[in-house]
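Below is one structure; the comments refer to it alone.
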Amino acid sequence: MSIQISCPHCGKRPIEEFTYGEIPRVPDHITDPDARNVDRVFMYTNPAGVQTERWFHLYGCRRWLTVRRDTRDNQMSE
Amino acid sequence: MNEFQEQKINLTWREPKRSYDVVIVGGGGHGLAAAYYLATRHGITNVAVLERNYIGSGNSGRNTTIIRANYGIPESVKFYQRSVDLYQSLEAETDRWIMHKQKGLINIAHNEAGLRTERARAAVNVAFGSKTDFITSAEVKKLCPQIDLSGGGEYPVLGASYHHSGSTARHDRVVWAYAEGAMRRGVDVHQRISVTGMLKEGHKVTGVQTTAGPISAKVVMSAVGGQVTQLADMAGVRLPIRSHPLQAFVTNHYSLSFEPILASPALLFYVSQTARGEMLMGAEIDRQPSYSYGTGHHLLQTTSYRAITLLPFLRDLRILRQWTGVCDMSPDYSPIMGFTGVEGFVITSGWGTWGFKGIPASGEQMAELIATGKIPELIAPFALDRFARDRTMADRGSAGTH
Ligand SMILES: Cc1cc2nc3c(=O)[nH]c(=O)nc-3n(C[C@H](O)[C@H](O)[C@H](O)COP(=O)(O)OP(=O)(O)OC[C@H]3O[C@@H](n4cnc5c(N)ncnc54)[C@H](O)[C@@H]3O)c2cc1C
Ligand SMILES: [Zn+2]
Numbered sequence: 004m005s006i007q008i009s010c011p012h013c014g015k016r017p018i019e020e021f022t023y024g025e026i027p028r029v030p031d032h033i034t035d036p037d038a039r040n041v042d043r044v045f046m047y048t049n050p051a052g053v054q055t056e057r058w059f060h061l062y063g064c065r066r067w068l069t070v071r072r073d074t075r076d077n078q079m080s081e
Numbered sequence: 003m004n005e006f007q008e009q010k011i012n013l014t015w016r017e018p019k020r021s022y023d024v025v026i027v028g029g030g031g032h033g034l035a036a037a038y039y040l041a042t043r044h045g046i047t048n049v050a051v052l053e054r055n056y057i058g059s060g061n062s063g064r065n066t067t068i069i070r071a072n073y074g075i076p077e078s079v080k081f082y083q084r085s086v087d088l089y090q091s092l093e094a095e096t097d098r099w100i101m102h103k104q105k106g107l108i109n110i111a112h113n114e115a116g117l118r119t120e121r122a123r124a125a126v127n128v129a130f131g132s133k134t135d136f137i138t139s140a141e142v143k144k145l146c147p148q149i150d151l152s153g154g155g156e157y158p159v160l161g162a163s164y165h166h167s168g169s170t171a172r173h174d175r176v177v178w179a180y181a182e183g184a185m186r187r188g189v190d191v192h193q194r195i196s197v198t199g200m201l202k203e204g205h206k207v208t209g210v211q212t213t214a215g216p217i218s219a220k221v222v223m224s225a226v227g228g229q230v231t232q233l234a235d236m237a238g239v240r241l242p243i244r245s246h247p248l249q250a251f252v253t254n255h256y257s258l259s260f261e262p263i264l265a266s267p268a269l270l271f272y273v274s275q276t277a278r279g280e281m282l283m284g285a286e287i288d289r290q291p292s293y294s295y296g297t298g299h300h301l302l303q304t305t306s307y308r309a310i311t312l313l314p315f316l317r318d319l320r321i322l323r324q325w326t327g328v329c330d331m332s333p334d335y336s337p338i339m340g341f342t343g344v345e346g347f348v349i350t351s352g353w354g355t356w357g358f359k360g361i362p363a364s365g366e367q368m369a370e371l372i373a374t375g376k377i378p379e380l381i382a383p384f385a386l387d388r389f390a391r392d393r394t395m396a397d398r399g400s401a402g403t404h
């Protein structure tokens, strides 16, 4: 079975109905404004673990939702 | 050389030393090829390759083995053509049968935009040293009699680019050939040793911390595939990489021969026949960044649908096996090779879903970079600092997922 995402409006739906939206996180230790811009545009934290992310229910209610997902096994938590 | 003449592969395992000139993290194709070329081209043999699992256990043993140079930008055509050339002579050079087979690759156009792309591809390939022709749909049918030129009425075949040197090779044999060649010349390969941190003097990397204790090195090279973000983080380097799973699958035996490699960029799907006669297929990456090796039914469903659209005979076959690799995806769909801004730490990364073909050239060029301390011309465009300099090497339409 495919991975399920819990939509507050539609309930558990297959991941294929959604599009992924990243929340960019520029680390605080980068202080130079140009370096922060480069990081904001190109760099990723790409964690192996739980991250907070946004998903858009494209083929559903067309609303954004926030999900916490463990990138190692795709387990979702609220 | 053939299977009957071939001798048993000869890998000599040794105990790890406490210090090396070069430590390469990751025993996939890229790490082992770099070790091989350091030893054979530069006489640098005080080298260790550290692999947390067994060699070839990463994407180098999970890919669909397509080798080609039909990219869309000059820098990539030149780089990948070098790799295609090195692959062609690898059996003679290593005296190992890697089952290299030239098949020709058909890249299909289904609409006007596709026709323009494939014509442009052929032109840029020829201009920069690779062999690709634009061909008509009748010629496609001649090269691949099984194809339905109407594309099920939905995806008509209007023409294609034909890349003559498109080929395949047995992936783990490539890994073993490089490992054996390197080890025979004195390189150490250590399996089941994981790198867990960097040894540092200030910002400079002076070695690695491992599950078998610290090992010092003048240069540390990362060649860890999908795990590169974690490794670079240990050295204090941020990367434009996201890890995405890519799945592939094979069918049972197809009793006729299917000669070419067939790809449809519009349908995001490609297929070739393995030496055992199975039909090997791949499609797009999983949409969410993830380190999961899980497989899903959705991919089988959508890919089979696309495959049958072009090749109706596939409907009579059955799916035998499905698997996943975790790919280091770069935002411009081009690799990242070279210095990182941290002294003593170099990378070969961003190999994503397309890096099997790049193994020989990346190994050769990274070995030169380490041996000379200078950036070879061929890989200069692929440096990590291209993002900060706004010189990305965008070529998504050519990367495909193979
Ligand atoms: C399904 C699939 C199909 C593909 N098809 C094609 C194709 O047709 N053509 C093509 O050109 N490319 C293809 N690719 C891409 C290709 O497989 C990869 O780009 C290539 O194999 C990358 O090689 P590598 O040596 O960089 O990484 P890997 O082979 O993944 O090797 C990295 C190694 O590093 C080890 N490692 C990780 N972390 C550590 C650590 N901390 N310490 C020690 N060791 C560590 C891992 O265990 C692994 O063995 C495909 C990929 C997949 C998944
Ligand atoms: Zn919804």
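Those protein sequences? They're chains B and A, same order as listed. In the working numbering, each residue's number is its place in the first sequence (first place is 1) plus 3. In the working numbering, each residue's number is its place in the second sequence (first place is 1) plus 2. Glycine is no exception: its CB is placed at the ideal position from the N, C-alpha and C atoms.
- Within 10 angstroms of the beta-carbon of Q78 (chain B) lie fewer than 16 other beta-carbons, which makes it exposed.
- Excluding sequence positions up to five before and after F315 (chain A), its CB lies within less than 6 Å of the CB of Q148, all in the same chain and listed in chain order.
- When the alpha-carbon of T276 (chain A) is set against those of A:L241, A:L322 and A:L312, the nearest one is in A:L322.
- R391 (chain A) carries a coil assignment under DSSP once its states are collapsed to helix, strand and coil.
- For G296 (chain A), the residues of chain B that pass the 9 Å Cβ criterion are I6, D76 and N77, in the order they occur in the chain.
- DSSP places G209 (chain A) inside the beta strand (DSSP E), whose first and last residues are K206 to T212.
- Here the segment 30 to 49 of chain A lies against the segment 179 to 193 of chain A, with 3 or more beta-carbon pairs under 8 Å apart.
- Around the beta carbon of T14 (chain A), fewer than 16 other beta carbons lie within 10 angstroms, which makes this residue exposed.
- In the DSSP annotation of this structure, the continuous segment of the beta strand (DSSP E) that includes N254 (chain A) starts and ends at R244 to H255.
- Look at P314 (chain A) here: in three-state DSSP terms it is helix.
- Neighbours of F59 (chain B) in chain A, taken as residues at a C-beta separation under 8 Å, are lacking, since the least C-beta distance is about 11 Å.
- Three or more Cβ pairs closer than 8 Å define a contact, and the segment 64 to 76 of chain B meets that threshold against the segment 10 to 27 of chain B.
- In the three-state DSSP reduction, I18 (chain B) falls in the helix class (H, G or I).
- Note: V191 (chain A) is bridge-paired with A:V51 in the DSSP secondary-structure output.
- Between T138 (chain A) and G154 (chain A), the gap from beta carbon to beta carbon reaches 8 Å or more.
- Y272 (chain A) is classed as buried because its beta carbon has at least 16 other beta carbons within 10 Å across all chains shown.
- Counting along the chain, T67 (chain A) sits inside no beta strand (DSSP E), nor does DSSP assign it H or E at all.
- When 9 Å is used as the limit between beta carbons, F389 (chain A) is near these residues of chain B: V41, V44, F45 and M46, in chain order.
- The Cβ atoms of S274 (chain A) and I68 (chain A) sit closer than 8 Å to each other.
- Three or more beta-carbon pairs drawn from the segment 287 to 298 of chain A and the segment 18 to 27 of chain B are found closer than 8 Å, and the two stretches are therefore classed as touching.
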